[in-house]
Ligand SMILES: Nc1ncnc2c1ncn2[C@@H]1O[C@H](COP(=O)(O)OP(=O)(O)OP(=O)(O)O)[C@@H](O)[C@H]1O
């Protein structure tokens, strides 16, 4: 919790102001029972109405001051709370941006979203409340007891016994509450997960008519969340009746002893009224504790979840001793006995891979599904680190390069195309921040998407719907290829990015790619695509079974022959 609260530091002045204003309110509240005692004992009982008027006016005046201090305190508390939430959300976003792919495996996306939104809001509200009422309540309990002891020591002794017992009870409740609310947040993660999957896979759900199943899944997750929340709140609210019972019993005892003390002359009526007044104020402060407990328990659970994200060490950070200016100039790619295994898995998915890709060459990576093609590609921009061996770009180990400089020279089109909300133009320019319109159009032309874009209602200014729903699969693929081409990369990685293109468009795309003189890696399952490459890497169960051009593999590799025959039929001429 304290780690997360350290982000409050820039708002120290505002917090001091808020607490100062809160102390004014508190002082007035603590003084009023004393004034009341004075009005009763020296004014009403003595029939001296000047005392009543005088101290009555003081009470009114101080009430007004407390009221204004309360409003100002709310403003200051809101300022701190909102700015703190803003800073914490930014920090979390920044942290998540620095995550490696392996780091992402630690947290489900839905959980990260809940942590960045709901969990931050919980803490933000707690900060607001701590400046507004949270500290005021315990201070009121403490100083209310001191003041009561000052007014009449013997009568107020009852506080000395009841208040600590109640405080211990409340602390015990808070610890219990924290565990319960952590579970509530987990249930919220689950609701978000079902909702996210449902919205992302809506087409599939409708096509397979799984709507009812999804609805049941959501109702179950939602019910679990509701039940957990109700259970947690019920446990927390149990504290309220216990609190009221103990404090009201205390007030009855004070009134009984107070009455006896007035009879024997050891206490004045005003003093008894003042002590009862302190008792009711302390009771209401303690009852606010119940609310505070709920908020605080929830915030503590949320703070823990946020701390977990902030504590993640990116396993792909740049080494300090590297030359941060080193960049990819030619695009030579060398894999030297590379072994790779995904974090938290038991077996390597790439085993002893070695090959050289010369600048400007086109390399096709062919292999059955799950053979490790995408995994191999991800090692080039260092999205993961190898477990053994080396990946060298222009002779330099990718781990010895600044990640930004490394990725600047690489155009990557992932298997799953993702378009961002915005215009077609913005989506292409995502690959190069300061791209001019000419560059955008050039990239689009080379990616064979320019003509399609020109037919869209607003051309390059057409808004791409959420996740590109108003574009076909092939159009989305070409748009993301344009996004990669716009930075004129030295190395281009196409992860099955031409799967939705017809043969003619694909051929035109490859012709256009020639003008980029970049080293191009194409992950594909299509022999027709692989045949056009200078070198084919044939992967089989994570191992490099064969490498060479089509002719060479056709002559020497039985598996390659089998793949070609299965895809192209036996009548084709296979020698280029
Ligand atoms: N993030 C991950 N964590 C753990 N294992 C993974 C991860 N991604 C892929 N794998 C595993 O690594 C192996 C190789 O996967 P990869 O995606 O590289 O294969 P592929 O040849 O590209 O397959 P496809 O043609 O179906 O895309 C598979 O067995 C897969 O289950």
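Numbering (this note's numbering), first residue to last: 59 to 634.
Even glycine gets a Cβ: it sits at the ideal position worked out from N, Cα and C.
Taking all protein chains shown into account, do 16 or more other C-beta atoms lie within 10 angstroms of the C-beta of residue 319, making it buried, or fewer, making it exposed? buried
Can you tell me whether residue 177 is buried or exposed? The criterion is at least 16 other CB atoms within 10 Å of its CB, across all chains shown. buried
Looking at the structure shown, is residue 408 part of a helix, part of a strand, or coil, going by DSSP? strand
Residue 98 beta carbon less than 8 Å from that of residue 334: no
Can you tell me which of 469, 184 and 213 puts its alpha carbon nearest to the alpha carbon of residue 324? 213
3-residue-minimum beta strand (DSSP E) runs that sit fully inside the segment 188-220, ordered along the chain: none
Beta-carbon proximity list for residue 629, same chain, < 7 Å, skipping 5 on both sides: Because the pLDDT at residue 629 is just 49, under 50, the model does not fix this residue reliably, and the value given afterwards should be weighed accordingly. The answer is none, since no qualifying residue turns up.
For residue 187 and residue 205, I'd like the C-alpha separation in whole angstroms. 25 Å
Suppose you measure from the CA of residue 445 to the CA of residue 384; what does that come to, to the nearest Å? 23 Å
Can you give me the start and stop residues for the beta strand (DSSP E) that residue 394 sits inside? 391-398
Once you ignore the five residues that flank residue 61 on each side, which residues in its own chain have a CB closer than 6 Å to its CB? 365
Shorter than 7 Å, the distance from the beta carbon of residue 397 to the closest heavy atom of ligand 1, or not? no
Between the beta-carbon of residue 290 and the beta-carbon of residue 351, is there less than 8 Å? no
Counting C-beta neighbours from all protein chains within 10 Å, is the total for residue 321 16 or more, i.e. buried, or is it exposed? exposed
For residue 541, which residues from the same chain have a beta carbon less than 6 Å from its beta carbon, with the 5 sequence-adjacent residues on both sides left out? 486, 488 and 489
Can you give the Cα-Cα distance for residue 240 and residue 254, rounded to whole angstroms? 21 Å
Are the beta-carbon atoms belonging to residue 556 and residue 419 less than 8 Å from one another? no
Classify residue 208: buried if its beta carbon has 16 or more other beta carbons within 10 angstroms, exposed otherwise. exposed
According to DSSP, is residue 229 part of a helix, a strand, or is it coil? helix
Leaving aside the five residues before and after residue 450 along the sequence, list all residues of the same chain whose C-beta is less than 6 Å from its C-beta, in chain order. 392
What's the gap between the Cα of residue 601 and the Cα of residue 166? 30 Å
Sheet register partners of residue 636 (DSSP bridge): The chain is shown only over 59 to 634; residue 636 falls outside these bounds and no answer can be derived.
Hey, which unbroken runs of the alpha helix (DSSP H) at 4 residues or more fall wholly within the segment 502-536? 508-513
Alpha carbon to alpha carbon, what distance is there between residue 464 and residue 452? 11 Å
If you follow the beta strand (DSSP E) that residue 448 is part of, which residue opens it and which one closes it? 446-451
Quick one: Cα of residue 244 to Cα of residue 400, how far? 26 Å
Under 8 Å, do residue 409 and residue 397 count as touching if we go by C-beta distance? yes
Quick one: residues in its chain with C-beta nearer than 6 Å to the C-beta of residue 242, no 5 flanking neighbours on either side, listed in chain order? 286, 287 and 290
For residue 158 and residue 458, believed in contact at Cβ under 8 Å, the rounded distance: 17 Å between Cβ atoms; not a contact.
Using 8 Å as the Cβ pair cut-off and three pairs as the minimum, do the segment 132-149 and the segment 88-102 touch? no
Cβ neighbours of residue 359 in the same chain (closer than 7 Å, five flanking residues each side left out): 236, 239, 240 and 243
Which residue's Cα is closest to the Cα of residue 203: 96, 543 and 216? 216
Hey, residue 84 and residue 194: beta-carbon distance below 8 Å or not? yes
Residue 615 and residue 626 look like a contact to me (Cβ under 8 Å); what is the Cβ gap, rounded to whole Å? Contact doesn't hold; Cβ gap of about 15 Å is too wide.
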